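For reference, the structure is listed below as structure tokens.
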Amino acid sequence: MKILFLDIDGVLNSRFWSDANEREISEGKFIDSEKVMLLSRIIDETDAKIVLHSGWRFWFDDNLNPLRDEAVYFAEILKGHNLFIYDKTPDLTTEEIRKSKKFSLVKAREILLWLNKYDSIEEYLVLDDLYLNNQEIEAHQIKTDADIGLTEEIVIEAIMLLNARTH
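Now the structure itself:
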């Protein structure tokens with residue numbers, strides 16, 4: 002099984018997109034559909050499963066049902082591209098981390114904790130706009146630019162990395 006650990010902000014949206022889409026954002030639509038099309042190419046060409054490791058995972062219950070309108074929209078736009086959330090990483094945040102928004106301090110440990118639950122992981126990739134302060138994870142990470150988000154170049158690199166062992 003291949004896993005794509007997906008962050009949302011700075012990956013499926015961007016500062017550039019946000020500035021140009023204030024109306025959509027005011028309607029709770031924080032996802033750039035063009036970025037979702039790029040994501041679908043990665044999934045189509047690698048058969049990777051999506052594991053949310055974004056703060057957005059708190060907007061879904063344990064059965065991955067959306068709890069907020071933003072999450073409903075996100076799930077619907079994914080479904081429109083035949084994409085689904087497979088799972089989400091565990092929560093190791095503290096109140097202080099949530100207040101200071103320093104999620105990068107625990108994201109790598111959350112991913113490793115998730116990976117340790119499974120034996121059948123052939124390959125994994127982390128898409129995030131943050132440095133995750135862990136060499137093991139960074140060896141499997143493509144860091145996006147929060148101003149731009151997911152790009153064609155990243156898609157090609159992601160497909161190559163996720164398919165490295167199978168081709």
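Everything in the sequence shown is counted per the working numbering, starting at 2 for the first residue and increasing by one. All C-beta atoms, glycine included, are put in the ideal place defined by N, C-alpha and C. These figures come from a predicted structure and were not determined experimentally.
Can you grab the Cα-Cα spacing for the pair residue i / residue j, in whole Å?
i: residue 146; j: residue 13; result: 11 Å
i: residue 32; j: residue 75; result: 7 Å
i: residue 144; j: residue 107; result: 16 Å
i: residue 24; j: residue 34; result: 15 Å
i: residue 102; j: residue 30; result: 21 Å
i: residue 150; j: residue 72; result: 19 Å
i: residue 105; j: residue 148; result: 18 Å
i: residue 82; j: residue 4; result: 18 Å
i: residue 46; j: residue 132; result: 26 Å
i: residue 127; j: residue 54; result: 9 Å
i: residue 70; j: residue 118; result: 31 Å
i: residue 15; j: residue 97; result: 26 Å
i: residue 27; j: residue 78; result: 17 Å
i: residue 56; j: residue 129; result: 11 Å
i: residue 115; j: residue 65; result: 16 Å
Under a three-way DSSP split, which group does residue i fall into?
i: residue 80; result: helix
i: residue 74; result: helix
i: residue 161; result: helix
i: residue 3; result: strand
i: residue 20; result: helix
i: residue 59; result: helix
i: residue 39; result: helix
i: residue 45; result: helix
i: residue 9; result: coil
i: residue 153; result: helix
i: residue 168; result: With a pLDDT of only 48 at residue 168, under 50, the local geometry of the prediction cannot be trusted, and the value read off the model is given with reservation. In this structure, residue 168 counts as coil in the three-state DSSP scheme.
i: residue 116; result: helix
Have a look at the options and flag the residue whose alpha-carbon is nearest the alpha-carbon of residue i.
i: residue 136; options: 113, 119 and 148; result: 113
i: residue 6; options: 44, 60, 80 and 93; result: 44
i: residue 50; options: 138, 125 and 162; result: 125
i: residue 36; options: 9, 3 and 162; result: 9
Excluding the 5 residues flanking residue i on each side, which residues of the same chain have their C-beta closer than 8 Å to its C-beta?
i: residue 110; result: 93 and 135
i: residue 62; result: 68
i: residue 84; result: 37, 40, 41, 44 and 51
Report all residues from its chain with a CB closer than 7 Å to the CB of residue i; omit the five preceding and five following residues, and keep chain order.
i: residue 165; result: 124
i: residue 139; result: 133
i: residue 169; result: Outside the shown range of the chain, which is 2 to 168, sits residue 169, and nothing can be said about it.
Could you check whether the Cβ of residue i sits closer than 9 Å to any Cβ belonging to chain C?
i: residue 8; result: You won't find chain C in this structure, because it holds only one protein chain.
Excluding sequence positions up to five away, which residues of its chain have a Cβ less than 6 Å from the Cβ of residue i?
i: residue 60; result: 68, 69 and 72
Can you confirm whether the stretch 35-42 touches the stretch 89-96 when touching is taken to mean that 3 or more C-beta pairs between the two stretches lie within less than 8 Å?
no
Decide if the stretch 7-27 is in contact with the stretch 156-166; the criterion is three or more beta carbon pairs, one per stretch, under 8 Å apart.
no
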